[in-house]
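Residue numbers (mature numbering (1 follows the signal peptide of the UniProt record, and there is no 0)): -17 to -1, 1 to 252.
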């Protein structure tokens, strides 16, 4: 299945004055792993040739990708074809971050005419979030309860390609049947995926670092997301709601002991 996030039309009209017309919004945004289509419309082509070239920026030399339907780049992800009556399409398969660049459609007229489209590739992000969508690095749950960890992937086409994996420390959890009570539900969307890891009847040995990772994605691999799960008793959890978190009570205790020590040293007590 071909996934096209956006298709841009560039129009070249070799009419009076050798005018060039570029359609509104000469930019395409494509997810990593998707297929991008860059369409160049040429009227009255006759015996002219249409080429696609790429530039990272205007200071670097251009790279010839195709002329007509002939491929000149060693990267097989790039190809060109003619779609009657007047469209010359450059196709970029399995889009990578490195594909972000300027793409020029060139017509071999005299003088040569060129229209440009910019391909933008959003950065892939992997985050573990709370119920409100805020990124978290720690989560607290009560012993014996059920905890839900949420992972959010954006900027990556997931369907039919990469896999989302959950780990506890170094152990894969997606297919874990020895622990029991562990379930993973992942939903794919047009802009990535949302995954929920649920651990039922939480035990003390369930505490530790959990990782949400992407496998088999186009290079470079996205940075995994981590969260540390703290497992505490019900009484301790109630104290958390009254204070500032796990570290608040020990910090207050240290300050109190320090004050008492100073008072005792100067015989104030």
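Quick reminder that beta carbons are idealized off the backbone N, C-alpha and C, glycines included.
For the options 180, 190, 148, the alpha carbon positioned closest to that of residue 200 is the one of 148. Judged by DSSP in its simplified three-state form, residue 188 adopts helix.
For the pair residue 101 and residue 87, the CB atoms are not nearer than the 8 Å cut-off.
A Cβ-Cβ separation of about 6 Å places residue 126 in contact with residue 185 under the 8 Å criterion. Under DSSP, the beta-bridge partners assigned to residue 73 are 21, 63. In this structure the segment 45 to 55 touches the segment 23 to 34; the number of beta carbon pairs closer than 8 Å is three or more. Cβ neighbours of residue 110 within its own chain (closer than 6 Å, five residues either side excluded): 118, 135, 208.
In the three-state reduction of the DSSP assignment, residue 30 falls in the coil class, being assigned neither a helical nor a strand state. Exclusion of the five residues before and after residue 155 leaves 148, 149 as the residues of its chain whose Cβ lies within less than 8 Å of its Cβ.
In the three-state reduction of the DSSP assignment, residue 81 falls in the helix class, which pools H, G and I.
Annotated three-state conformation of residue 152 is coil, per DSSP.
With respect to residue 15, residue 104 sits close: the two C-beta atoms are nearer than 8 Å. In this structure, residue 162 and residue 17 do not form a Cβ contact; the two beta carbons are roughly 36 Å apart against a cut-off of 8 Å. Per DSSP, reduced to three states, the secondary structure at residue 126 is coil, with no helix or strand assignment.
For the 8 Å CB-CB criterion, residue 138 and residue 108 form a contact. With a cut-off of 8 Å on Cβ pairs, the segment 65 to 82 is in contact with the segment 18 to 26, counting three or more such pairs. Residue 205 sits buried, since 16 or more C-beta atoms from the chains shown fall within 10 Å of its C-beta. Residues of the same chain with a CB within less than 6 Å of the CB of residue 128, apart from the 5 flanking positions on each side, are 185 in chain order.
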